[in-house]
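Number of protein chains: 6
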Amino acid sequence: MRILVANVNTTESMTRSIGAQAAAVAAPGTEIVPLTPAFGAESVEGNYESYLAAVAVMETVRAYPEPYDAVIQAGYGEHGREGLQELLDVPVVDITEAAASTAQYLGHRYSVVTTLDRTVPLIEDRLKLAGLTDRCASVRASGMAVLDLERDPEAAVEAIAEQAVRAVEDDRAEVICLGCGGMSGLAERVVARTGAPVVDGVAAAVTVAESLVRLGLTTSKVRTYAPPRPKHIRNWPPTG
Amino acid sequence: MRILVANVNTTESMTRSIGAQAAAVAAPGTEIVPLTPAFGAESVEGNYESYLAAVAVMETVRAYPEPYDAVIQAGYGEHGREGLQELLDVPVVDITEAAASTAQYLGHRYSVVTTLDRTVPLIEDRLKLAGLTDRCASVRASGMAVLDLERDPEAAVEAIAEQAVRAVEDDRAEVICLGCGGMSGLAERVVARTGAPVVDGVAAAVTVAESLVRLGLTTSKVRTYAPPRPKHIRNWPPTG
Amino acid sequence: MRILVANVNTTESMTRSIGAQAAAVAAPGTEIVPLTPAFGAESVEGNYESYLAAVAVMETVRAYPEPYDAVIQAGYGEHGREGLQELLDVPVVDITEAAASTAQYLGHRYSVVTTLDRTVPLIEDRLKLAGLTDRCASVRASGMAVLDLERDPEAAVEAIAEQAVRAVEDDRAEVICLGCGGMSGLAERVVARTGAPVVDGVAAAVTVAESLVRLGLTTSKVRTYAPPRPKHIRNWPPTG
Amino acid sequence: MRILVANVNTTESMTRSIGAQAAAVAAPGTEIVPLTPAFGAESVEGNYESYLAAVAVMETVRAYPEPYDAVIQAGYGEHGREGLQELLDVPVVDITEAAASTAQYLGHRYSVVTTLDRTVPLIEDRLKLAGLTDRCASVRASGMAVLDLERDPEAAVEAIAEQAVRAVEDDRAEVICLGCGGMSGLAERVVARTGAPVVDGVAAAVTVAESLVRLGLTTSKVRTYAPPRPKHIRNWPPTG
Amino acid sequence: MRILVANVNTTESMTRSIGAQAAAVAAPGTEIVPLTPAFGAESVEGNYESYLAAVAVMETVRAYPEPYDAVIQAGYGEHGREGLQELLDVPVVDITEAAASTAQYLGHRYSVVTTLDRTVPLIEDRLKLAGLTDRCASVRASGMAVLDLERDPEAAVEAIAEQAVRAVEDDRAEVICLGCGGMSGLAERVVARTGAPVVDGVAAAVTVAESLVRLGLTTSKVRTYAPPRPKHIRNWPPTG
Amino acid sequence: MRILVANVNTTESMTRSIGAQAAAVAAPGTEIVPLTPAFGAESVEGNYESYLAAVAVMETVRAYPEPYDAVIQAGYGEHGREGLQELLDVPVVDITEAAASTAQYLGHRYSVVTTLDRTVPLIEDRLKLAGLTDRCASVRASGMAVLDLERDPEAAVEAIAEQAVRAVEDDRAEVICLGCGGMSGLAERVVARTGAPVVDGVAAAVTVAESLVRLGLTTSKVRTYAPPRPKHIRNWPPTG
């Protein structure tokens, strides 16, 4: 099967890294196609950038010329998943939700450790809409910006691990979700520091997408995610 | 003061109608500036169209060349308000939230009567994020599409009033919110049918925006709605 | 229009101060009528005093001989608003709810900073009934009694500002509500300390009341706030 | 031990009936003292009357000259319990809460069947503040006014039993609470119609009050229910 | 009346201690019959042991040869109460729920202080199912194992009192529940340290059970707790 | 990898059917081992039987002599999952939770259609503890007993499909979960009737278990699911 993995920012190196992480856990026979949006911010750390990413991902996925079986939206706490679900019949998996749902199988409560403080409410809002907050112990910020994760991975690990420890000890989390598409390499070291299982959203989303495809399940079209009604769309999509 | 009232769809006649409704309740000295997005759908009735509207409204507001004191996003249950709040210091008022908050002053529980069944979950989600669901008795669909409201106002009134009656009698609502930017002319007749106060979101939002301005209150910049960080945005905004 | 602003305690200087604060934000053409209850406690800091204030405000408003367009109950976290709504057709606005609803337009979460620790649960209960807790980060006590605010304003500002800072930093509030009718002069200094918008309940309530009147909205009479049924009331109201 | 059972209305025959019901379940050695408020409405069916009852009950209890061990507030869904708790060290038991708490021992969910539609939101609000809504299936109105229960008991039984049946079948209740101080004689017939246990609030409250006394438990004074602070109360209580 | 008080562990000395505590508060004429399960763990501090206790208590109660009027399950946060309710017509009272329900009559919020950190989530889950979390300020662990309470009562008191103080001061509890069947002797000293009322679950449950019996109330059989359907049970119960 | 799939009842034909359903969706290389508990009821339709199943499944899994990678508890709404998680390091997946979590990827809200009315509260309770109720539209009973599903599959399909249609139309579900281990063959026909995706819990659980194993994730041992402490267990497990 073929799974599109859509980065939400326009930094190609992050797309490659996300793609590699996805490919590393994909089952034999699964082809991972990483996509970079045609427009948008180099990193997504707030609502303006996230809304822009939402439409950019939608158009990028729509423009993909080959058939595919599922789509992963590889941004943590981002807008847009519901739009993709309307446009597509194949399953759409958001990494924020995949990580949280996966974490819930492993412990009584989970925490998310993310990048900047300002992105915490976005993640909280996405979890609230997804109905995944009851067992969320906390969403914590490491203070590292998205691009810092690539620039100074050592400091990133340290900052993230520290918040993970506080999540387990102070907030009573029993599982940690890494709250950013670019954190996937850090899992082992956070496990070492906390003793708790650590869930990477991209990896979790790949297995969820594969599972849905194998089960023959597709997005429900009975109400919320019915295809857009035919109507006039003015000046869109933008033409290069 | 000057208030921008942004329609979320690209139908100019609806922009005019929304603008007229806003102007009708504006205080002396308030200038209402209705805006139509430069791109997007002729009516917004789902997530894809709504995400597109979100970014279209943002760019349209950003491109407005004169100073202004507040912005109203005049779409019911739409995405995007948080992005505007990041971009702007002036208050941003969403009509979904203005209607619900206003309704809460008037009765124990309120209901929303909207257009199509498929848009009900969008409104529910927006109210959930706004923390305004505890006293929401129901969100009901009249089955009328947005553009039907203009095309067949008589049938629209009938369908909406019927749902309003059911909201009061079956769902125990005591106040009705008209759940669409284009419903503003219907209030009186729904009042006549239900005996309950009827809140129009555009009108409510105008008074909220004026109030915030008069109180000297602006969007908090301490965390969620801090301005976007300076960074590279690729291929955006689209250039005509 | 004429708005009655009912103080909940019997301290005339506080009535004057509340009235002045209301008048300062009222629109041209709005007449503010401050009222002091005919009986009750010199300050309201608990349930017994608050229940007493509830009936005192009701009788005081009922005894007001002139027509009026709206009533503001200017006590933070007090009982009684629902009774006024039954008795009156004009809108009734509670400052606890007006402050919180206003704050919700400005940031992701808000906190209330109030006087004594013992009044925190009263405010929490009023917000719970009003359906305004989802986005309430915390209700914090400054430890200052109501009358201390007049007696030692300097210490009051300091104590309140300190709790406001903790609300923003520890509880993740982005907006602060001043949780007492007598705090209205402190807003600027709390803004200076926190960088967050500060909402005064009396000021917010004035704009809400004006808005409801201008929109032609009145209290719903379909169920909860229908007028009291005609019946025998023994020994009440008390006759001086 | 001596338990004061305070009726909330001024109808002496209802006080006697409540007192008899309380005495019927009291343990040997428990003296039930029924009290009628010195002022207020002949029946309490709304917020204005209920706030009035709140202060009337408080003053009536305060004026009681002998020692006592507990107080029962025998009105369903009424204001005032928190004020009594401040004034007294002995336990205060509200029949709304006693009925619901008792019902929760007996089935998965309970419903309340009360008098008029307009009183439903009052009961819902009281249960919400008491933290007893999670397992509340519904609050249903029989349409009978409080005084109708005495005037036409046959019709009352029929109307109440019908709503109880609907609560069990439609709302999935497994226990029924009789939602009015004057309904206590109806329990058996509602049991016969529904097959579900039926809890009378007055009876339940008597056993709760006795239990608290026997356990040596008194109202917590550490915060919310600390005694009112010493202060000047103007023109209160009213002097006949 | 006769009340069976079922210990959940197989330590006879704890059964005796629980029985003595129950007898100490029982009304004249109430016979307390303490029961030790025929199989299971010497102390119950986790889910495996608790599920085992659930079935052991059920079989032990079923094997009791004499008539009885109510059953108390004397384990804090344990599984099994719903099964007993299916098997029996007489009331079944869980001490976790009895303590919390009792505490709710006494203060605005309550906390539970229990033994080991690992049992906190079990208690939280039981309170959640019982619908008793809205007013639960916290569940805190003292770090003392169940059997330590007998072995080193002095250290136990100290550890428990310390957490109780933190519950009152930091979590804003106003009442403390002692979260273990074996803590009943400690109440007075925790009262002395906190100034808050302290509820012992076993004592509370005895008065609840007596109350239900006196009120003639039995477990609802209309749905959830209907008797098990007749069917083949293989290899059970185990035969010695 | 090897996955144990534990039936919760002692009917061997159901174990075989569950095993076949699991094997049908298992990935190449996954060995499904269906297990029947050594003791317990022929079908599980209530709390007594479910608690018994909980301990029976635990002992059956513990007695399994070979290594394995994950365990599926194949009963809908049953007790016991938390005990298995304590006993084992490998992931434990409950089909109730796997179905609901899977459904949440596919539509805005999901409903469960189960067997008897009396089992609805058990499923509701399990979903509540799992934090999966926010997006649960309803749990509906078809009225078919577990063993009826085998005896009269035609009637079962009809009854289940009818409830599924009502869930979609009346409760606004967009996805249906089949709420019984023995319903797995019915999915296609319910899809045909509702147009909504239908999730079978056993199938979903197999893909979840495989995913967790492939991701190298195991049950968190930091608190709730730490291994039972070493202690004396009397008379258990039962010896044949």
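Chains as they are written, first to last, in this note's numbering: chain P, 1 to 240; chain E, 241 to 480; chain F, 481 to 720; chain W, 721 to 960; chain D, 961 to 1200; chain L, 1201 to 1440. Backbone N, C-alpha and C define an ideal beta-carbon position, used for all residues, glycine too. Nothing here was measured: the structure is a model prediction, and the numbers come from that model.
Of the residues the options, the one placed nearest residue i, counting alpha carbons only
i         : options                                       : result
L/Gly1382 : L/Asn1209, L/Met1201 and L/Tyr1264            : L/Asn1209
L/Thr1211 : L/Ala1270, L/Gly1275, L/Ser1338 and L/Glu1388 : L/Gly1275
W/Ser931  : W/Leu772, W/Arg782 and W/Val791               : W/Val791
W/Gly797  : W/Arg860, W/Met721 and W/Trp956               : W/Arg860
L/Pro1427 : L/Ala1404, L/Leu1306, L/Met1344 and L/Val1290 : L/Val1290
E/Thr300  : E/Gly320, E/Ala294, E/Pro277 and E/Tyr308     : E/Pro277
L/Thr1230 : L/Ser1217, L/Ile1203 and L/Ala1387            : L/Ile1203
P/Asn47   : E/Ile258, E/Pro437 and E/Glu326               : E/Glu326
W/Thr938  : D/Pro1197, D/Pro1025 and D/Val1158            : D/Val1158
W/Gly906  : W/Asn727, W/Met721, W/Ser733 and W/Ser737     : In the sequence as presented, Gly is not what sits at residue 906 of chain W; that position holds Leu. Checked all of W/Asn727, W/Met721, W/Ser733 and W/Ser737; the closest Cα to W/Leu906 is W/Ser737.
E/Ala267  : F/Pro718, F/Lys711, F/Thr719 and F/Leu695     : F/Leu695
P/Leu88   : P/Ala98, P/Glu97, P/Ala103 and P/Met58        : P/Met58
F/Ala502  : F/Gln553, F/His712, F/Val592 and F/Ala543     : F/Gln553
Residue i: first and last residue of the uninterrupted alpha helix (DSSP H) it sits in
i         : result
D/Arg1100 : Taken as a continuous stretch (DSSP letters only), D/Arg1100 belongs to no alpha helix (DSSP H), being part of the beta strand (DSSP E) at Cys1096 to Ala1101.
D/Ala986  : Careful: D/Ala986 lies outside any alpha helix (DSSP H) and carries neither H nor E.
P/Ser111  : Here P/Ser111 belongs to no alpha helix (DSSP H); instead the beta strand (DSSP E) covers Tyr110 to Thr114.
P/Ala187  : Ala187 to Thr194
F/Gly563  : Arg561 to Leu567
E/Leu362  : Val360 to Leu369
Element boundaries [beta strand (DSSP E), containing residue i]
i         : result
F/Asp574  : Val572 to Asp574
W/Pro754  : Glu751 to Leu755
F/Ala482  : Residue identity check: residue 482 of chain F is Arg in the sequence provided, not Ala. Residues Arg482 to Ala486.
W/Asp920  : Val918 to Asp920
F/Pro706  : The amino acid at residue 706 of chain F is misidentified as Pro; the sequence shows Ala. Element bounds for F/Ala706: n/a, residue is neither H nor E.
D/Ala1030 : Ala1030 to Gln1033
L/Leu1378 : Val1375 to Leu1378
Beta-carbon proximity of residue i to residue j, cut-off 8 Å
i         : j         : result
P/Val5    : P/Pro34   : yes
L/Tyr1251 : D/Tyr1011 : yes
L/Arg1434 : D/Phe999  : yes
E/Gly441  : E/Ile272  : no
W/Ala820  : W/Gly800  : no
D/Ala1169 : D/Val985  : no
E/Leu369  : P/Leu116  : no
L/Met1214 : L/Asn1207 : yes
Cβ-Cβ separation, residue j to residue i (assumed contact under 8 Å), whole Å
i         : j         : result
D/Ala1124 : D/Val1106 : About 18 Å separates the two Cβ atoms, so there is no contact after all.
L/Ser1342 : L/Thr1314 : 7 Å
F/Arg673  : F/Ala641  : 4 Å
W/Pro958  : F/Pro718  : 3 Å
Worksheet entry | Segment contact, 8 Å Cβ cut-off, at least three pairs: the segment 272-290 of chain E with the segment 411-418 of chain E | no
Discussion item. Taking contact to mean 3 or more Cβ pairs, one atom from each stretch, closer than 8 Å, check whether the segment 125-137 of chain P and the segment 182-198 of chain P are in contact.
Written reply: no
Worksheet item: Do the segment 399-410 of chain E and the segment 195-210 of chain P meet, that is, are 3 or more Cβ pairs less than 8 Å apart?
Response: no
Worksheet item: Is it a yes or a no for the segment 698-717 of chain F touching the segment 343-355 of chain E, going by three-plus beta-carbon pairs under 8 Å?
Response: yes
Item to complete: May I ask you to verify whether the segment 360-371 of chain E touches the segment 391-401 of chain E, counting CB pairs closer than 8 Å and requiring at least 3?
Response: no
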